[in-house]
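Everything in the sequence shown is counted per full-length UniProt numbering, starting at 1 for the first residue and increasing by one.
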Amino acid sequence: MEAILSRVQKPARYVGGEWGSVMKNKKDVDLRFAFCFPDTYEVAMSHLGSRILYGLLNDQKGIWCERICAPWIDMEEEMRQADIPLYGLESGDPLYEFDIIAFTLQYELSFTNILNMLDLGGVPVLAKNRTELKHMVACGGPCAYNPEPLADFVDLFMIGDGEEIMLEFTDLYRRAKREGWTKQTFLIQAAQIEGMYVPSLYEVAYHEDGTIDRVTPTHGAPALVQKRIVSDLDTMYYPESFVVPSTDIVFDRAMIELFRGCPRGCRFCQAGHTYRPLRTKSKEVLLKQAEAVLKNSGYEEISLSSLSTSDYGDLSGLTECMLDYCEPRHISLSLPSLRADSFSAELMQRVQKTRKSGLTFACEAGTQRLRDVINKNIREEDVLHACEIAFQGGWNNVKLYFMIGLPTETYEDLDGIAEICKKVAYCWRMNTNNRARGVRITASASCFVPKPQTPFQWDAQDTLEQFREKQAHMKVIMKTKNVTYNWHDAETSVLEGVIARGDRRQGKAIYLAWQRGCKMDSWDQCFDYEKWMQAFADCGLDPAFYASRQRPLDEIFPWDHIGCGTRKEHLKREWELSREAAVTPDCMHKCAGCGANALLKGGKCCV
Numbered sequence: 001m002e003a004i005l006s007r008v009q010k011p012a013r014y015v016g017g018e019w020g021s022v023m024k025n026k027k028d029v030d031l032r033f034a035f036c037f038p039d040t041y042e043v044a045m046s047h048l049g050s051r052i053l054y055g056l057l058n059d060q061k062g063i064w065c066e067r068i069c070a071p072w073i074d075m076e077e078e079m080r081q082a083d084i085p086l087y088g089l090e091s092g093d094p095l096y097e098f099d100i101i102a103f104t105l106q107y108e109l110s111f112t113n114i115l116n117m118l119d120l121g122g123v124p125v126l127a128k129n130r131t132e133l134k135h136m137v138a139c140g141g142p143c144a145y146n147p148e149p150l151a152d153f154v155d156l157f158m159i160g161d162g163e164e165i166m167l168e169f170t171d172l173y174r175r176a177k178r179e180g181w182t183k184q185t186f187l188i189q190a191a192q193i194e195g196m197y198v199p200s201l202y203e204v205a206y207h208e209d210g211t212i213d214r215v216t217p218t219h220g221a222p223a224l225v226q227k228r229i230v231s232d233l234d235t236m237y238y239p240e241s242f243v244v245p246s247t248d249i250v251f252d253r254a255m256i257e258l259f260r261g262c263p264r265g266c267r268f269c270q271a272g273h274t275y276r277p278l279r280t281k282s283k284e285v286l287l288k289q290a291e292a293v294l295k296n297s298g299y300e301e302i303s304l305s306s307l308s309t310s311d312y313g314d315l316s317g318l319t320e321c322m323l324d325y326c327e328p329r330h331i332s333l334s335l336p337s338l339r340a341d342s343f344s345a346e347l348m349q350r351v352q353k354t355r356k357s358g359l360t361f362a363c364e365a366g367t368q369r370l371r372d373v374i375n376k377n378i379r380e381e382d383v384l385h386a387c388e389i390a391f392q393g394g395w396n397n398v399k400l401y402f403m404i405g406l407p408t409e410t411y412e413d414l415d416g417i418a419e420i421c422k423k424v425a426y427c428w429r430m431n432t433n434n435r436a437r438g439v440r441i442t443a444s445a446s447c448f449v450p451k452p453q454t455p456f457q458w459d460a461q462d463t464l465e466q467f468r469e470k471q472a473h474m475k476v477i478m479k480t481k482n483v484t485y486n487w488h489d490a491e492t493s494v495l496e497g498v499i500a501r502g503d504r505r506q507g508k509a510i511y512l513a514w515q516r517g518c519k520m521d522s523w524d525q526c527f528d529y530e531k532w533m534q535a536f537a538d539c540g541l542d543p544a545f546y547a548s549r550q551r552p553l554d555e556i557f558p559w560d561h562i563g564c565g566t567r568k569e570h571l572k573r574e575w576e577l578s579r580e581a582a583v584t585p586d587c588m589h590k591c592a593g594c595g596a597n598a599l600l601k602g603g604k605c606c607v
């Protein structure tokens, strides 16, 4: 291993031993839990959810949770040549020695990494080849809301908040291990845990046109697997310390979570619908957690994390108290996910007390009509007013995020993106106190991917040719001085769209693509679009059937038996409103009757 590490990039990714990592005596442990992140160490260690569950599991007597990350290409090649299996960072033990092997599903293009990590760790890739209780492969996270493309490889999926379901799952497994249950017996019992989906207990029938006819549960499994939620975030487990990485990572800072859910209801946003209902932490609990994490980790920056930070009820009071603690200790306070319509001079002054970094505003679309279609609920005036405040306050670095390929989009909407950027540049010239410093305006345009469990789950995605035509148009019109235009690779977005709305028949294509060398697909230098398209073709599957086909409103989706709390009737109603460019008010002003509040104890839903 020492010889290998001297030949690979960033060897600190693979050695473990970081401050805050948990070591246990194997003699005191009856459950070895591998928490696997199907991407590199830098990405894995930046993920807050993984840090929370790592702490929760290791707080339990008899459970040892270890971290396992996907090695980069050079390290994997060295490991395979030296016959070194993938291993846990804490113990160095190979993956095949662990009881439960759990992956977090953050994005569809990590799916081949799951197969690759299992294989590199000496664990059979296909679920049907893992016949014993050991090597139970579980998954959770955002992509679990359509688990079907991974049904051939994963034994069970945890739907919803991991803190709520994880200990019930591990308690049942420990009982099964003590009593000598078979794998099948365990899976049948696990399916009775609310929020647990066992794909092998469901039979899927298809129409001749390839759409789904019906999904039939067997062995007493529930017809609808409804997600689990943590109702009270104040009493929810939260670690007092994090593992402090010994090399640079993507987000190298402490984090506290303000709330879960989002009141806004943007129609393209999967997280905004699957994380409902809105649940908030109190200011007192947040301050206590922030102080503990900072003291125990030594971080010099802390981020207030949520889907929409500026929607926290007492953000002003919270930031004031946070800065009282951070300023004397020279700790930076970061406020991501700010909305342009909530940005204020007062908030700006508080943020810049510790650090004046760049500001980011998600406009999403170039015209008000299209922003109304997607229910973004911000206006061009909001963006320009926020920029005016920022430029007057000394900021000279602004990022603007957009999407292309949104439902009902026209070239007039694309031209609107260039117009907004031009107006932001003019706003800087009119409001800056120091033109000599210059300004950096970055406009980034991603390609829209229709996601399951959203109002746009029925919509066709643009084809690769359509995306390329629109990107070529954007390159021509984005000519404003001081504006840098970036665009997302259309090929990866198309594949993401194919898999995002896929069914379990895709498993054979994913398997074949992996066998042919597809892995680390979210990294440009590794992605091979042609290999993927050939794998689908060789399996008799048409990617356009999944991505660029407009779905009828009465179609049964592969994920309809997975409940995210937001009812399909509500999503359908929102889709219909989008065709009228009609706006739905945010949850803080008027309940839209999505159904998610019914998941709360004693909660009611307005219809």
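Glycine is no exception: its CB is placed at the ideal position from the N, C-alpha and C atoms.
Query, Result
"Own chain residues within Cβ distance below 7 Å of D74, not counting five before or after", "V8, Q9"
"For F35, the three-state DSSP class (helix, strand or coil)", "strand"
"N-terminal and C-terminal residue of the beta strand (DSSP E) that P543 is part of", "Premise fails: P543 lies in the alpha helix (DSSP H), 543-547, not in any beta strand (DSSP E)."
"Rounded separation between T211 and H473 - CA only", "35 Å"
"Range covered by the alpha helix (DSSP H) that runs through K399", "Looking at the DSSP string, K399 is not in any alpha helix (DSSP H); the run it does join, the beta strand (DSSP E), is 397-404."
"One or two residues paired with T484 in a DSSP bridge", "T442"
"Backbone secondary structure at D74 - three-state DSSP", "helix"
"Straight-line Cα distance separating T492 from F527", "8 Å"
"Residue closest to Y107, alpha-carbon to alpha-carbon, out of G141, P85, L384, F186", "G141"
"W72, buried or exposed, once every other Cβ within 10 Å from all chains shown has been counted against 16", "buried"
"DSSP bridge partner residues for R429 (one or two, in chain order)", "Paired residues: none, contrary to the question."
"Cα-Cα separation between G497 and R579, rounded to whole angstroms", "21 Å"
"Local conformation of W181 per DSSP, three classes", "coil"
"Enclosing alpha helix (DSSP H) for W514 [first to last residue]", "507-515"
"Exposed unless 16 or more other CB atoms sit within 10 angstroms - verdict on K227", "buried"
"Paired residues, beta bridge with P217 - DSSP", "Y202"
"Straight-line gap, L600 to L53 (C-alpha atoms, nearest Å)", "22 Å"
"Alpha-carbon spacing of I229 relative to R379, whole angstroms", "33 Å"
"Three or more C-beta pairs below 8 Å linking the stretch 503-522 and the stretch 449-467", "no"
"Bridge-paired residues (DSSP) for I562", "V225"
"Unbroken stretches of the alpha helix (DSSP H), 4 residues or longer, contained in the stretch 103-146", "111-120"
"8 Å contact criterion, which C539 and A509 should meet: CB distance rounded", "4 Å"
"Residue of Q392, K590, C363, D341 minimising C-alpha distance to A443", "C363"
"D213 versus C594, I556, K572, residue with shortest Cα-Cα distance", "I556"
"Touch test, the stretch 460-467 against the stretch 417-433, Cβ-Cβ under 8 Å, three pairs minimum", "no"
"Of the residues L31, L553, S246, G595, the one placed nearest A176, counting alpha carbons only", "L31"
"K128 burial status per 10 Å Cβ neighbour count (16 or more: buried)", "exposed"
"The stretch 393-404 contacting the stretch 435-442, beta-carbon criterion three pairs below 8 Å", "yes"
"Strand pairing of L156, partner residues [DSSP]", "A138"
"Range of the contiguous alpha helix (DSSP H) that encloses F98", "Element bounds for F98: n/a, residue is neither H nor E."
"Nearest-angstrom Cα separation, counted from S308 out to L384", "19 Å"
"Alpha carbon of P543 to alpha carbon of C387, nearest angstrom", "41 Å"
"Cβ of G49 within 9 Å of any chain D Cβ", "Structure shown: chain D not included; a single protein chain is present."
"Among G313, L287, A425, the one whose alpha carbon lies nearest that of C326", "L287"
"Assigned secondary structure, E66 (DSSP; H/G/I helix, E/B strand, else coil)", "strand"
"Check whether A535 and V373 have beta carbons under 9 Å apart", "no"
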